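Q: Residue numbers for the sequence shown follow our numbering, so the first one is 2 and each next one is one higher.
Note that beta-carbon positions come from the ideal geometry of N, C-alpha and C, so glycine has one too.
Note that the structure is predicted; figures quoted are calculated from it, not measured.
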Amino acid sequence: MVLWVRGALPGGRRDSRITTTSCQGWGFDQRFLVREPEIVHTFMNVKKTIGTSTSFWKRAEAAGLGQLTATAARGPFLVSADDGREFLNMSSFSYLGLESHPAIVEAAAETVVKVGSLNTSTSRMRAVFEVLRDTEEMLSDLFRVEVLTTTSCAAAAWQTLPLVASGALTEGDPPLMVFDKNAHFCLNAMKPSVADETRLLTIPHNDLNALEELCKTHRNLVYVADSVYSTGGCAPVRQLLELQDRYGLFLLFDEAHGLSSCGARGRGLVLDTMGEINDRTIVITSLNKGFAASGGAMFVGRRGDSARRELFLYGSGPLMWSQRINTAGLGAVQASAEIHRSSELDDLQRRLRENINHFDALVPSENRHDGLPIRFVSVGDVERTIGIAQRLFQEGCYVAPLFFPVIARGRSGLRVMLRADMDRADITRFSGLLREFTATPDAGAAEVR
Ligand SMILES: Cc1ncc(COP(=O)(O)O)c(C=O)c1O
Numbered sequence: 002m003v004l005w006v007r008g009a010l011p012g013g014r015r016d017s018r019i020t021t022t023s024c025q026g027w028g029f030d031q032r033f034l035v036r037e038p039e040i041v042h043t044f045m046n047v048k049k050t051i052g053t054s055t056s057f058w059k060r061a062e063a064a065g066l067g068q069l070t071a072t073a074a075r076g077p078f079l080v081s082a083d084d085g086r087e088f089l090n091m092s093s094f095s096y097l098g099l100e101s102h103p104a105i106v107e108a109a110a111e112t113v114v115k116v117g118s119l120n121t122s123t124s125r126m127r128a129v130f131e132v133l134r135d136t137e138e139m140l141s142d143l144f145r146v147e148v149l150t151t152t153s154c155a156a157a158a159w160q161t162l163p164l165v166a167s168g169a170l171t172e173g174d175p176p177l178m179v180f181d182k183n184a185h186f187c188l189n190a191m192k193p194s195v196a197d198e199t200r201l202l203t204i205p206h207n208d209l210n211a212l213e214e215l216c217k218t219h220r221n222l223v224y225v226a227d228s229v230y231s232t233g234g235c236a237p238v239r240q241l242l243e244l245q246d247r248y249g250l251f252l253l254f255d256e257a258h259g260l261s262s263c264g265a266r267g268r269g270l271v272l273d274t275m276g277e278i279n280d281r282t283i284v285i286t287s288l289n290k291g292f293a294a295s296g297g298a299m300f301v302g303r304r305g306d307s308a309r310r311e312l313f314l315y316g317s318g319p320l321m322w323s324q325r326i327n328t329a330g331l332g333a334v335q336a337s338a339e340i341h342r343s344s345e346l347d348d349l350q351r352r353l354r355e356n357i358n359h360f361d362a363l364v365p366s367e368n369r370h371d372g373l374p375i376r377f378v379s380v381g382d383v384e385r386t387i388g389i390a391q392r393l394f395q396e397g398c399y400v401a402p403l404f405f406p407v408i409a410r411g412r413s414g415l416r417v418m419l420r421a422d423m424d425r426a427d428i429t430r431f432s433g434l435l436r437e438f439t440a441t442p443d444a445g446a447a448e449v450r
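As structure tokens, this is what we get:
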């Protein structure tokens, strides 16, 4: 066995890697012996990822498409800090255009001033401001589920996945965790922790047959997926719920892009399809995309399910530490929740749908006509993708070029995101330029800034 020995060793060595045979007879304290973990990179390989992705990011930055700095937002436009120029942001997560809504901005400022500080700077297990409790009540009423908030959707993944993997939500029996191949990075990043609790598998994207085969042979199975994928498309939620009915499948969804943009009161794709949440479904989400406030949230169970709430609170993870949505963010969440309760939300969702349909009528793309605000326009080649994005930016339209590992190798392209507050004329102009540049063979000749 290979061991890592901490502290001083006979012969003056310190902190060494040794084998059990080489240390026999040394007689030092066995508590210093730690079995050396095998480094296998089964789920993550950060060094390799840095190696592949850094050159793409730098290439985009050199073409003037990265590390942009803005002084302000004006609806769907950002004001460049470099030259004061306004550019249309076609890669905004704020699908309803709410992030500069006066009610949200004012509530953020008023709440922090009213409470007089940003945070209690104490674990939420010990003391929180009243505004946190009120905000979670408000969100729970709005979405008709038991809601816990946290600093981000990524923190919600951290809080949720190891807990589910431990079997705490499946009668103490650790389930087989099955991840969709395209599940978001924040879910995949938890795989090492999940694998420390139970077995896990990754299956091809949206492969219902593979999932059903597993359901037939495993009584206790959790499927982990995005509801709306950040690179376009969505999970087959209705069919997944049918598998849940048939086999008792447990579902864990990341609803970061579906909240606000989909469903009555912006409840998202999953709750909109389900009606009411059940005990075998958990949803995590971001409150900083369509919801346009701050932080993340977990839909942990039925409204009023205090046992579930406690389980998540005591489940060990980011909820226990010092950060949570600060008072400014909580003010913003409450104001956004008010808008979600009003007819303004229906109006914004209708305008978003009109803009999506208008874009779909002008530009062919994967998942066209699915009614969701994210479109991926495939280009294929990295240089050509950058070239097209650069020409669009010169025309005042920013659109994010996507490369490996965000998107599969050889599938580079542009991610277009629609918003409710975009003008039809701006979408028409952008679509025309996009069609023209994607049809031009030499669009790949991007200049380096
Ligand atoms: C599907 C998905 N989940 C989670 C996140 C992370 O959300 P947050 O920034 O709230 O952690 C993102 C992107 O930002 C995402 O695209």
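DSSP on A421, reduced to helix/strand/coil?
A: If DSSP states are grouped into helix, strand and coil, A421 belongs with coil.
Q: What whole-angstrom Cβ distance do H206 and N221 have, given they're in contact under 8 Å?
A: Contact doesn't hold; Cβ gap of about 23 Å is too wide.
Q: Considering only the alpha carbon of each residue, which of V47, N46 and W58 lies closest to V383?
A: Among V47, N46 and W58, the Cα nearest to that of V383 belongs to W58.
Q: Are there 16 or more other CB atoms within 10 angstroms of the CB of S153, so buried, or fewer, so exposed?
A: Buried, by the Cβ-count rule.
Q: CB-CB under 7 Å to V449, same chain, minus the five flanking residues each way: which ones, in chain order?
A: Reliability fails at V449, whose pLDDT of 42 lies under 50, so the model's placement of it is uncertain and the value that follows must be treated cautiously. Answer for V449: A63 and A64, listed in chain order.
Q: Any idea if P1 is buried or exposed, counting beta-carbon neighbours within 10 angstroms, 16 or more meaning buried?
A: Examination of residue 1 is not possible in this model, given that the chain is present from 2 through 450 alone.
Q: By the DSSP assignment, the alpha helix (DSSP H) with L349 in it spans what residues?
A: From DSSP, the alpha helix (DSSP H) with L349 extends over S344 to L363.
Q: Output the residues surrounding ligand 1, defined as those with a CB atom closer than 6 Å to any ligand heavy atom, in chain order.
A: Spelled out in chain order, the answer is S153, C154, A155, H185, C187, D227, S231, D255, A257, H258, S287, N289 and G297.
Q: With distances taken between CB atoms, is the gap from G316 to T150 smaller than 9 Å?
A: Not in contact: G316 and T150 (Cβ atoms no closer than 9 Å).
Q: Go ahead and label F186 buried or exposed: buried means 16 or more other beta carbons lie within 10 angstroms of its beta carbon, across all protein chains shown.
A: Result: exposed.
Q: According to the neighbour-count rule (16 or more other Cβ atoms, all chains shown, within 10 Å of its Cβ), is D422 buried or exposed?
A: By the 10 Å Cβ count, D422 comes out buried.
Q: My guess is that L260 and T286 are in contact by the Cβ rule of under 8 Å, so how many angstroms apart are they, rounded?
A: Correct: roughly 5 Å between the Cβ atoms.
Q: One question on the structure: do S92 and A336 come within less than 9 Å of each other, judged by their Cβ atoms?
A: No. Outside cutoff.
Q: Check each candidate in Y248, L212 and K217 and name the one with the smallest Cα separation from P237.
A: Of the candidates Y248, L212 and K217, the one whose C-alpha sits nearest the C-alpha of P237 is L212.
Q: Helix, strand or coil for D135, going by three-state DSSP, please let me know.
A: Three-state DSSP puts D135 in a helix.
Q: Go to L270, then tell me how far its alpha helix (DSSP H) extends in each direction, as first and last residue.
A: Run containing L270: G269 to M275, per the alpha helix (DSSP H) assignment.
Q: Can you give the Cα-Cα distance for A226 and L312, rounded to whole angstroms?
A: Between A226 and L312, the C-alpha separation is close to 22 Å.
Q: Taking DSSP as the reference, what is the three-state secondary structure of R430?
A: Of the three classes helix, strand and coil, the one that applies to R430 here is helix, per DSSP.
Q: Rounded to whole angstroms, what's the CA-CA distance from L314 to Y248? Just pull it up for me.
A: Distance between the alpha carbons of L314 and Y248 is about 29 Å.
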